[in-house]
Amino acid sequence: MSDFAPRYLADYSESNFSISTVELDFKLDETKTRVTNRMKMTRKVATKDPLVLDGEHLTLLSVLIDDEILSSDDYQLSDNSLSLLVDKAEFTLEIITEINPLDNTALEGLFKSGDAYCTQCEAEGFRRISYYLDRPDIMATFSTKVIADKEKFPFLLSNGNKVAEGDLPSGQHFVQWHDPFPKPCYLFALVAGDFDILKDNFTTSSGRDVALEIFVDKGNFNKAHHAMASLKHSMKWDEETFGLEYDLDIYMIVAVDFFNMGAMENKGLNVFNSKFVLADETSATDVDYFNVEAVIAHEYFHNWTGNRVTCRDWFQLSLKEGLTVFRDQQFSADMHSAAVNRIQNVRVLRSLQFAEDAGPMAHPIRPEKVIEMNNFYTLTVYEKGAEVIRMIHTLLGADKFRAGIDLYFKRFDGMAVTCDDFISAMSDASGVDLTQFKHWYTQSGTPIINVNESFDIKTSEYTLTLAQSNGDNPALHIPIGIELITAKDEQNQSTLLQLTEKEQSWTFKGFSQKPVLALLTGFSAPVKAPFSQPDQDLQIIMTRATDEFCRWDAGQKLLTTYIMQLLHNPALVLPESLYSAFVEILNADISEAFKAEQLTLPSFSELADSIDEVDPIALLNAIENIQHQIASKLAPMLLKQYQQNIQADYANDGKAIGKRALKNICLSYLTRLNDHQNLVTQQYQSSNNMTDTLATLSCAAKSSHEKLNEMMVDFEGKWQDITLVMDKWFAIQASVNDESIFDNLSKLIAHPLFSLKNPNRARSLIGAFVNSNPRYFHCASGRGYQFLIDQLIKLNDINPQVASRLITPLIQFKSFDQDRQIMIKAKLEQLAKQEVLSKDLKEKLDAALA
Ligand code: TRP
Ligand code: ZN
Numbered sequence: 017m018s019d020f021a022p023r024y025l026a027d028y029s030e031s032n033f034s035i036s037t038v039e040l041d042f043k044l045d046e047t048k049t050r051v052t053n054r055m056k057m058t059r060k061v062a063t064k065d066p067l068v069l070d071g072e073h074l075t076l077l078s079v080l081i082d083d084e085i086l087s088s089d090d091y092q093l094s095d096n097s098l099s100l101l102v103d104k105a106e107f108t109l110e111i112i113t114e115i116n117p118l119d120n121t122a123l124e125g126l127f128k129s130g131d132a133y134c135t136q137c138e139a140e141g142f143r144r145i146s147y148y149l150d151r152p153d154i155m156a157t158f159s160t161k162v163i164a165d166k167e168k169f170p171f172l173l174s175n176g177n178k179v180a181e182g183d184l185p186s187g188q189h190f191v192q193w194h195d196p197f198p199k200p201c202y203l204f205a206l207v208a209g210d211f212d213i214l215k216d217n218f219t220t221s222s223g224r225d226v227a228l229e230i231f232v233d234k235g236n237f238n239k240a241h242h243a244m245a246s247l248k249h250s251m252k253w254d255e256e257t258f259g260l261e262y263d264l265d266i267y268m269i270v271a272v273d274f275f276n277m278g279a280m281e282n283k284g285l286n287v288f289n290s291k292f293v294l295a296d297e298t299s300a301t302d303v304d305y306f307n308v309e310a311v312i313a314h315e316y317f318h319n320w321t322g323n324r325v326t327c328r329d330w331f332q333l334s335l336k337e338g339l340t341v342f343r344d345q346q347f348s349a350d351m352h353s354a355a356v357n358r359i360q361n362v363r364v365l366r367s368l369q370f371a372e373d374a375g376p377m378a379h380p381i382r383p384e385k386v387i388e389m390n391n392f393y394t395l396t397v398y399e400k401g402a403e404v405i406r407m408i409h410t411l412l413g414a415d416k417f418r419a420g421i422d423l424y425f426k427r428f429d430g431m432a433v434t435c436d437d438f439i440s441a442m443s444d445a446s447g448v449d450l451t452q453f454k455h456w457y458t459q460s461g462t463p464i465i466n467v468n469e470s471f472d473i474k475t476s477e478y479t480l481t482l483a484q485s486n487g488d489n490p491a492l493h494i495p496i497g498i499e500l501i502t503a504k505d506e507q508n509q510s511t512l513l514q515l516t517e518k519e520q521s522w523t524f525k526g527f528s529q530k531p532v533l534a535l536l537t538g539f540s541a542p543v544k545a546p547f548s549q550p551d552q553d554l555q556i557i558m559t560r561a562t563d564e565f566c567r568w569d570a571g572q573k574l575l576t577t578y579i580m581q582l583l584h585n586p587a588l589v590l591p592e593s594l595y596s597a598f599v600e601i602l603n604a605d606i607s608e609a610f611k612a613e614q615l616t617l618p619s620f621s622e623l624a625d626s627i628d629e630v631d632p633i634a635l636l637n638a639i640e641n642i643q644h645q646i647a648s649k650l651a652p653m654l655l656k657q658y659q660q661n662i663q664a665d666y667a668n669d670g671k672a673i674g675k676r677a678l679k680n681i682c683l684s685y686l687t688r689l690n691d692h693q694n695l696v697t698q699q700y701q702s703s704n705n706m707t708d709t710l711a712t713l714s715c716a717a718k719s720s721h722e723k724l725n726e727m728m729v730d731f732e733g734k735w736q737d738i739t740l741v742m743d744k745w746f747a748i749q750a751s752v753n754d755e756s757i758f759d760n761l762s763k764l765i766a767h768p769l770f771s772l773k774n775p776n777r778a779r780s781l782i783g784a785f786v787n788s789n790p791r792y793f794h795c796a797s798g799r800g801y802q803f804l805i806d807q808l809i810k811l812n813d814i815n816p817q818v819a820s821r822l823i824t825p826l827i828q829f830k831s832f833d834q835d836r837q838i839m840i841k842a843k844l845e846q847l848a849k850q851e852v853l854s855k856d857l858k859e860k861l862d863a864a865l866a
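First residue of the sequence shown? That's 17 in the working numbering, and the numbers climb one at a time after it.
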């Protein structure tokens, strides 16, 4: 039971012991891998407290102190620890354990991904490899020797530099690695297998040569080039932007098919979910290309923000994740369109993070209480965490922000530190007082900004009053960018306001008429501002604001207004003004990518988040209603745009990607109409790239296209051997908007290519159903919820981390109408009754049902 006990940030204390060096020795075997772990340890304080090491799912073979074998009376074993009394100040502790990689379906510790062995140690997975002080403030120098069959596992990899290798009797061989940088065990990695390797090299700004190696499954060599180019761009960008150079002689990336998350920044040896490495034009979409680049960058940037300076404890996770997400976002913005990127980041925040912050698992970006750490790799810690860093960037300006980063590394290189340490470096280097700003680290929930404006025609003064509310919490320091748009011949005024009081007013002068307010330029803070503006004002912002985020946001607001009206009055006929806004967008002199963003409706989850106790089916009807009306009214124009953006040859530069995005959003409107269904089949047949192909399938799935089945069969025939593409096939199947979905789901679960043990595959079916098929997931019969519960019961045993992510929409049941709340609660109670429940699910169920 103590397993379920929460841990608190307030209870942090240093360990009485430290570890200076770790020598690991792995004899790889599918079911009986033997791990020898020799640690040089020091007792830091003179207490009699036992040394308590973490360890789970381990078979202990022997324990030695200074080469003397201990008898089992000398130590105590539990399910998750090994305790022993040592009276020496300095000693070598050697622990030999046996582990079973084949049975490891949780994919934490050492496991098999297909034929290869690999590890995942963050957050607390190293304890599944050996007994250890498994916490990030224990930093040691690792040497690792790996022994395995030479023919089956020609490549034996670990962190740092290769220092020795050789052959052993009976077809075995060994490789020895040494990582000179002390690190916490969560950054340990080992990989063994047979791979194709893409090799390249990079010369750092100070002239050091770094070998770059990307390991992929045999046959995938040609799908690694984009990842390699992305890596080199990231290395260069970090030198130019932050003066940060890579620090080892080799940087390796391994792509594996079985992985719980996106990728992992292990020192010198990143392990990646193959979907964030492999890409070629026939099998990867434009979004896949973008994501590969972003994740490669993210993990690379961790080498400084995460590895060189790491976290003191897991409550500080946002220290590395918020900062690294901010860095990868800046990188993507520099590589592509900054405005389009910003819009996409805000969409994620509004549709997913806001919901998390309003649900039962809401937590500050620095949580205070954790039961299962894996449950805190969240949108809040990552995405809101990045917004918090972005606000610091906004408040300090780019130069002082850079000075803060420089000081941060000067002070803390090689250390395990806290979010407060980061803030102190930022404020010391910039002279900006961030005391009040720190409340962002302790408050959960999305702050609400209320807006009041007045205009005095006599004095031509405009007064803006902003009030912030976030429960009873103290006032936050919130940067609020605004742009005031006045008469056509006057210049807009842009300012950064610093809202530090609960309520504050500002006065601006010199307007001939009341200016139109564009609020939150660049989305300067992760807040909600439910401020209604008349349609004409929104259209003025859409066309005349210089801030591109605000132009887009005004359009989203306009659309949201009408979706909300359709929710209560489905017979409402949309006004001409809405169409003219659309026409203006389509005719404007802006990039295709930006047009595509403007034509995209706010998502179901974003809209749901702004309605109390929403009836999901009514909301979906309203969304389909607006799509249908826009499509009907603007069909000729959408068709023209569609045709104009067809490209004969495939290219994947920004322009080509933007044209595809615009064409495919037009397609999605047009296929709401019966008489344009032929576009889908035409595009499917003529497509020369995965983006266009998938667009047709997803349109067909949404509109119950009569050729859907035929196309899906054809697609399956073509791609059945390509795992990542079949994930897309399963995802489309799960999103089919048709009564037959439940029968099909049963068939898909039984499909020979389906397995709950592969997280990508599990997510592609279950995740896509839950997130992309809201009509049937939320159907009144409750069958959708039951389907998810049935899969969660199985996943609870197989892979608790994957189960715990998929349960998200159910624990957020309070956002739905009463009938659904009752139904979902009953299902959650059913799940909670499971005899053996993982910590991951239990923590969430307890929070949701409390
Ligand atoms: N540190 C990783 C990242 O952000 C996250 C991660 C990868 C992870 N694999 C994990 C977290 C497994 C928890 C469990 O890039
Ligand atoms: Zn990360």
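We put the beta carbon where it would ideally sit given N, CA and C, even for glycine.
query: With 16 other Cβ atoms within 10 Å as the buried cut-off, status of Tyr-24; result: exposed
query: beta-carbon Thr-340 near ligand 2 non-hydrogen atom, thresh 6 Å; result: yes
query: Contact check, Thr-697 vs Lys-723, beta carbons under 7 Å; result: yes
query: Chain-order list of residues whose beta-carbon lies under 6 Å from that of Ala-243 (same chain, five-residue window excluded); result: Ile-230, Val-293, Val-308 and Ile-312
query: Neighbour-count burial assignment, Phe-288, 16 or more Cβ in a 10 Å radius; result: buried
query: Buried or exposed by the 16-neighbour rule on C-beta atoms within 10 Å, applied to Thr-451; result: exposed
query: Met-17 versus Asn-812: straight-line alpha-carbon distance, rounded; result: For Met-17, the predicted structure reports a pLDDT of 38, less than 50, and the residue's modelled location is therefore unreliable. The matter cannot be settled from this model.
query: Test item: CB-CB of Gln-663 and Asn-390 under 7 Å; result: no
query: Chain-order list of residues whose beta-carbon lies under 6 Å from that of Thr-523 (same chain, five-residue window excluded); result: Glu-477 and Thr-479
query: Distance, Gln-572 Cα to Met-251 Cα; result: 36 Å
query: Alpha-carbon spacing of Ser-31 relative to Val-61, whole angstroms; result: 9 Å
query: Identity of the residues DSSP links to Phe-274 by a beta bridge; result: According to DSSP, Phe-274 bridges with nothing at all.
query: Cutoff 6 Å; reference Glu-608; Cβ partners in own chain excluding five residues on either side; result: Gly-674, Lys-675 and Leu-678
query: Terminal residues of the alpha helix (DSSP H) in which His-318 lies; result: Taken as a continuous stretch (DSSP letters only), His-318 belongs to no alpha helix (DSSP H), as it is neither H nor E.
query: Touch test, the segment 160-174 against the segment 353-367, Cβ-Cβ under 8 Å, three pairs minimum; result: no
query: Own chain, CB closer than 6 Å to Asn-357, minus 5 neighbours either side, in chain order; result: Ser-348 and Ala-349
query: Every unbroken alpha helix (DSSP H) inside the segment 763-797 [4 residues or more]; result: 775-778, 784-788 and 790-793
query: Classification of Arg-836 by the beta-carbon crowding that lies within 10 angstroms, buried from 16 upward; result: buried
query: Ala-21, DSSP secondary structure in three states; result: coil
query: Candidates Ser-299, His-352 and Ser-446: closest to Ser-246 by CA position; result: His-352
query: Start and end residues, alpha helix (DSSP H) containing Ile-556; result: 551-560
query: Euclidean distance between Cα positions of Ser-29 and Phe-204; result: 23 Å
query: Cβ distance (whole Å) where Val-770 is taken to contact Leu-761 below 8 Å; result: At residue 770 the sequence reads Phe, which differs from the Val that was named. Contact doesn't hold; Cβ gap of about 10 Å is too wide.
query: Contact test: Glu-181 Cβ vs ligand 4 heavy atom, cutoff 6 Å; result: Absence of ligand 4 from the depicted structure is noted, with ligand 1 and ligand 2 being the only ligands included.
query: Residue environment, His-318, which counts as buried when at least 16 other CB atoms sit within 10 Å; result: buried
query: Residues near Tyr-685 by beta carbon distance below 7 Å, same chain, minus five either side; result: Gln-643, Ile-646, Ala-647 and Leu-654
query: Segment limits, beta strand (DSSP E) that includes Gly-125; result: 125-129
query: Opening and closing residue of the beta strand (DSSP E) in which Ile-496 lies; result: 494-501
query: Contact test: Glu-870 Cβ vs ligand 2 heavy atom, cutoff 6 Å; result: Coverage of the chain is limited to positions 17 through 866, which leaves residue 870 absent and any answer about it impossible.
query: Alpha-carbon to alpha-carbon, Gly-733 and Lys-161; result: 44 Å
query: Between the CA atoms of Phe-392 and Leu-86 - distance to the nearest angstrom; result: 38 Å
query: Coil, strand or helix - Ala-137 by DSSP; result: Here the sequence assigns Cys to residue 137, which means Ala is not the residue at that position. Here Cys-137 sits in coil by DSSP.
query: Proximity to Asp-183 [Cα-Cα], best of Glu-261, Ile-163, Asp-210 and His-194; result: Ile-163
query: The segment 219-235 contacting the segment 177-195, beta-carbon criterion three pairs below 8 Å; result: no
query: Ile-85 - partner residues in DSSP beta bridges; result: Leu-80
query: Counted within 10 angstroms of its Cβ, other Cβ atoms place Gln-92 as buried (16 or more) or exposed; result: exposed
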